[in-house]
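Every letter in the sequence shown is one number past the one before it in the working numbering, and letter 34, counting from 1, is 59. Worksheet: one structure, shown below.
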Amino acid sequence: MSINIQRNQKKRVVIVGGGLGGLRLAEDLYGSGMQVVLIDKNNFHQFPPLIYQIASAGIDPSSISFPFRQIFRKQKDFYFRMAEARMVDVEKKILQTSIGKIDYDYLVLAAGATTNFFGNKNIEEWAMPMKTVPEAMGLRNALLSNLERALTCATEEERQELLNVVIVGGGATGVEIAGALSEMKRYVIPYDYPDMDSTLMHIYLIEAGDRLLSAMSPESSEHVEKYLRSMGVNVLLGKMVTDYVDHRVMLKDGSSIATRTFIWVSGVAAQPIGNLDRKHLGRGGRIIVD
Ligand SMILES: Cc1cc2nc3c(=O)[nH]c(=O)nc-3n(C[C@H](O)[C@H](O)[C@H](O)COP(=O)(O)OP(=O)(O)OC[C@H]3O[C@@H](n4cnc5c(N)ncnc54)[C@H](O)[C@@H]3O)c2cc1C
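Here is the structure:
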């Protein structure tokens, strides 16, 4: 297998990742006189701010997924390859990918972030992250199938487990998905599931810090907490999740919450790419820049 892109007299810039950053750069390089090669493990760009709408079945994946080949249809000296970046030989200026090597004059790493489970293997295995369209689809499928099973399961205990939703992480994504699910509980479930008691659906939003949206102003935190509580979300602040055992989310204070819908939106780490600049990595695998 080979990447199969001929060199010409122009300088070549290789961009890894066609997310918000990589896409913008590739577009801005239009007319720059350089050969632009965009490499992404998917052949579509996704728009993360609306991922919570996919997860809560509000919109379809095609509304926030856009094929690269369509976006760059008219761009000259532009090449897209669907591949995973694996290693970089900085000395020789070669990028190793899942479909072969490519040499470059300039390399731009824009592979984004992934979920940080802080080393907890149990949580990594069982919790559902929500950073990509496929992950949001997985969450949506689990949520809807748990609702179906809640109608036919054998015991009250199991029903409650299927109807409880636990979201860990009170940042923007946690707040968004908690709000969207509380709207679903209020405005969709009573109509789509008329023979189910929607009040049995309990939504928990757990945050280890003492306020939601800690990156924003204290007023925003206060406002969003009040609003979510008024929507029926159980907001738990200052609570640390430590494990997930037998369908129960375990908290550091010794309490636990039974759930089959365990959503983890609590941490980010840089997307690891093989040997990339290991010695220059900072917190969460971020590359230290000047
Ligand atoms: C659920 C959610 C909601 C968000 N909401 C907002 C919001 O409302 N407002 C806001 O400003 N920001 C929001 N963000 C943050 C925002 O999406 C990111 O800051 C932004 O996408 C980062 O851009 P990026 O180009 O660095 O990476 P990304 O947009 O994540 O793109 C990374 C790209 O790299 C590709 N890739 C990854 N690894 C490889 C590899 N090894 N080889 C090849 N390709 C690879 C991926 O497929 C992807 O296309 C949200 C994020 C999430 C997850």
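Every residue gets a Cβ at the ideal spot worked out from N, C-alpha and C, and that includes glycine. Every value quoted in this text rests on a predicted model; they were computed, and no experiment measured them.
Got a sec? Which residues, its chain only, sit under 6 Å from I119 by beta carbon, not counting five neighbours each side? These residues qualify, in order along the chain: K126, D128.
Distance check for R32 and G144, CA to CA, integer angstroms please. In a straight line, the C-alpha of G144 is about 43 Å away from that of R32.
Can Q6 be considered in contact with ligand 1, in the sense that its beta carbon sits closer than 6 Å to one or more heavy atoms? Nothing about residue 6 can be reported from this structure: the residues present for the chain run from 26 to 315 only.
Along the chain, where does the alpha helix (DSSP H) that runs through E208 open and close? In the DSSP assignment, E208 falls within the unbroken alpha helix (DSSP H) covering 197-208.
Would you say the segment 275-291 touches the segment 109-124, given that touching needs at least three Cβ pairs under 8 Å? These segments do not touch.
Count the other CB atoms, across all protein chains shown, that sit within 10 Å of the CB of L176; report buried if there are 16 or more and exposed otherwise. So L176 ends up on the exposed side.
Identify whether T157 lies in helix, strand or coil by the three-state DSSP scheme. In this structure, T157 counts as coil in the three-state DSSP scheme.
Among L132, G58, M26, G137, the one whose alpha carbon lies nearest that of R311: When each option's Cα is compared against that of R311, the closest is G137.
8 Å contact criterion, which F69 and S90 should meet: CB distance rounded: Indeed they touch by this definition, with Cβ atoms about 5 Å apart.
Return yes when at least one heavy atom of ligand 1 lies under 6 Å from the C-beta of K126, else no. Ligand 1 never approaches K126 closely enough for any of its heavy atoms to be under 6 Å from the residue's Cβ.
Start and end residues, alpha helix (DSSP H) containing P215: Run containing P215: 214-217, per the alpha helix (DSSP H) assignment.
Candidates I202, S281, P297: which alpha carbon is nearest P73's? Distance check between P73 and each of I202, S281, P297 places I202 closest, using alpha-carbon atoms only.
I'd like the span of the beta strand (DSSP E) that includes G125, first residue to last. Segment 125-128, the beta strand (DSSP E) holding G125.
First and last residue of the uninterrupted alpha helix (DSSP H) at D53: Note, D53: alpha helix (DSSP H), 45-53.
Quick check on this structure: which residue in G195, I28, S207 has the alpha carbon closest to the alpha carbon of G83? The shortest C-alpha separation from G83 is found at S207.
Candidates P86, Y252, R308: closest to R165 by CA position: Nearest of P86, Y252, R308 to R165, Cα basis: P86.
Taking buried to mean at least 16 other C-beta atoms within 10 Å of its own C-beta, is T198 buried or exposed? Of the other Cβ atoms in all chains shown, 16 or more fall within 10 Å of the Cβ of T198; this residue is therefore buried.
Measuring only from the beta carbon, is V41 closer than 6 Å to any heavy atom that is part of ligand 1? For ligand 1, at least one heavy atom lies less than 6 Å from the Cβ of V41.
Leaving out five residues on either side along the sequence, give the residues of the same chain with a beta carbon under 7 Å from the beta carbon of F93. Only residues of its own chain outside the window of five on either side were considered, and among them G43, L63, D65, N68, F69, H70, F105 have a CB closer than 7 Å to the CB of F93, listed in chain order.
Does I192 come out as helix, strand or coil in the three-state DSSP assignment? I192 falls in the strand class under three-state DSSP.
For my contact list, V61 and I40 are in at a C-beta cut-off of 8 Å; report their separation, rounded to the angstrom. Right, their Cβ atoms sit about 7 Å apart.
Is V190 near I228, with beta carbons less than 7 Å apart? Going by C-beta atoms, V190 is nearer than 7 Å to I228.
Nearer than 6 Å: is that true of the beta carbon of L45 relative to any heavy atom of ligand 1? True, at least one ligand heavy atom lies under 6 Å from that Cβ.
If the criterion is Cβ atoms closer than 7 Å, does the pair D268 and N141 meet it? Contact: no.
Tell me which residues share the same chain as K10 and place their Cβ nearer than 6 Å to its Cβ, disregarding the 5 neighbours each side in the sequence. Because the chain here runs from 26 to 315, residue 10 falls outside it and cannot be looked at.
Considering only the alpha carbon of each residue, which of D130, A110, Y131 lies closest to Q121? Residue nearest to Q121 within the set D130, A110, Y131 is A110 (criterion: CA-CA distance).
Going straight from the alpha carbon of E247 to that of D217, what length do you get? Taking the straight line joining both Cα atoms gives about 33 Å.
Can you tell me which of the three DSSP states R111 falls into? R111: strand per DSSP, three-state reduction.
Does the distance between the C-beta of A110 and the nearest non-hydrogen atom of ligand 1 fall short of 6 Å? In this structure, the C-beta of A110 approaches ligand 1 to less than 6 Å from one of its heavy atoms.
Complete beta strand (DSSP E) runs within the segment 138-183 (minimum length 3 residues, chain order): The segment 138-183 is shown to contain whole beta strand (DSSP E) runs of 3 or more residues at 138-140, in chain order.
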